[in-house]
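Enquirer:
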C-alpha cells in the first residue's frame with residue numbers, strides 16, 4: 734500500500750502567556766494512520782522551551798535564536814504519532830509562549846513500526862546561505878524522510 738494524504742487539522746491562539754496548546758486530528762483520520770504535528774510559537778525566553786505532548790514522539794526542534802539574534806522570534810517543534818482507536822484530541826503543555834499554531838497532517842499506508850526513517854533540519858537568515866535538501870535514498874517505501882528547512886528575517 735502506498736502512502737496517501739488523509740487531511741489536516743489546525744488550532745491557533747494569539748494570546749500572550751499560553752501554558753497549553755490544543756492539537757486536533759482530521760475527521761477522516763483512522764486507527765493506524767501516521768499523524769505529523771508541527772507546532773510553531775513565539776517564545777521570549779532563551780533556548781527552546783520544553784513542550785510536552787503526551788503519547789507523541791518529538792522528531793525535530795527548531796529555533797532561530799542565534800540566526801537572527803532576536804529571542805522573541807518563532808520556534809517550531811515537530812512530533813509524530815500513530816493513531817490509536819481511543820485518540821481524540823491532545824493538549825501540549827509548555828512554559829509561557831506568546832501565541833501558537835498547531836497543524837496536524839494525517840497519512841495512511843505508513844509503516845507503523847518505523848514511520849520516520851530520518852530527520853534533517855536546516856535554517857538560514859533571509860538572503861543568506863541557500864537551503865539545500867540532502868540527496869536521499871529511501872530504503873522503505875512506506876516510511877518518511879522528514880526535512881525541515883526555514884528562513885528568518887534578521888531585521
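In the numbering used here, the protein residues as written are 734 to 888. All residues carry an ideal CB built from backbone N, CA and C; glycine is no exception. These numbers were taken from a predicted model, which means no experiment stands behind them.
1) Closest by CA to residue 752, which one among 761, 741, 765 and 824?
2) Cβ atoms of residue 772 and residue 810: under 8 Å apart, would you say?
3) Compare the beta carbon distance of residue 808 and residue 840 with 8 Å and say whether it is the shorter of the two.
4) Between 736, 826, 783 and 794, which has its C-alpha nearest residue 767's C-alpha?
5) Would you list the one or two residues that DSSP bridges to residue 756?
6) List the residues that DSSP assigns as beta-bridge partners of residue 784.
7) Going along the chain, which residues of its own chain have a beta-carbon closer than 7 Å to the beta-carbon of residue 833, five neighbours each way excluded?
8) Can you give me the Cβ contacts of residue 740 inside the same chain, cut-off strictly under 8 Å, excluding the 5 residues immediately before and after it?
9) For residue 739, report the span of its beta strand (DSSP E) as first-last.
10) Alpha carbon to alpha carbon, what distance is there between residue 817 and residue 851?
11) According to DSSP, residue 835 sits in a beta bridge with which residue or residues?
12) Residue 784: which of 826, 846, 844 and 792 sits nearest, CA to CA?
13) Mapping the DSSP letters down to three states, classify residue 845 as helix, strand or coil.
Expert: Put simply:
1) 824
2) yes
3) no
4) 736
5) 823
6) Residue 784 is bridged to 827.
7) 745, 746, 751, 754, 772, 773 and 774
8) 759, 760, 761, 762, 838 and 839
9) Segment 737 to 746, the beta strand (DSSP E) holding residue 739.
10) 23 Å
11) 744 and 772
12) 826
13) coil
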